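Take a look at the structure below.
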């Protein structure tokens, strides 16, 4: 993991690289008590690069490629620092039981998906196909 982090931080030169160690009170909270997932994780890693206006899209691909080894070693993803709409990201943000619980709450409290400009937890199938 250390080698993957060092490599990714090199690719994000001029950007942001942060490791926050977790545990303690963070991991004492029952996973069902909040939507925050992966409370058993050892660390929270944030790596961000910045693309300047006029810069080629290749810079984004370089950073994404450098981040892949870190992602492969991680338990999941934290969406609050991400503006990505990549397929499957929401599923990486929440363990299956948490995502199921959040989708049930979404169906109950926001059936018309009014609050949709987020990492949306809508069911992948239309409501008529989802067991309630």
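In the working numbering, the protein residues as written are 3 to 134. For every residue, glycine included, the Cβ atom is placed at its ideal position computed from N, Cα and C. Note that the structure is a prediction, hence the values are computed from the model and not measured.
- If you draw a straight line from the Cα of residue 48 to the Cα of residue 38, it comes to about 16 Å.
- A buried status is given to residue 123, since no fewer than 16 other beta-carbon atoms sit within 10 Å of its beta-carbon.
- Judged by beta-carbon spacing, residue 50 lies beyond the 8 Å limit of residue 90, meaning their Cβ atoms are not closer than that value.
- When the beta-carbon positions are compared, residue 94 and residue 78 come within less than 8 Å of each other.
- Taking C-beta atoms as the reference points, residue 80 and residue 46 count as a pair closer than 8 Å.
- Straight-line measurement puts the Cα of residue 26 at about 11 Å from the Cα of residue 43.
- CA-CA distance, residue 52 to residue 3, rounds to 23 Å.
- The beta carbon of residue 126 lies closer than 8 Å to none in the same chain, with the five residues before and after it left out.
- For the set 113, 71 and 41, the Cα lying nearest the Cα of residue 100 is the one of 41.
- Between the alpha carbons of residue 34 and residue 92 lies a gap of roughly 17 Å.
- For residue 20, the enclosing beta strand (DSSP E) begins and ends at 18 to 23.
- Taking all protein chains in view, the Cβ of residue 65 is crowded by 16 or more other Cβ atoms within 10 Å, so the residue is classified as buried.
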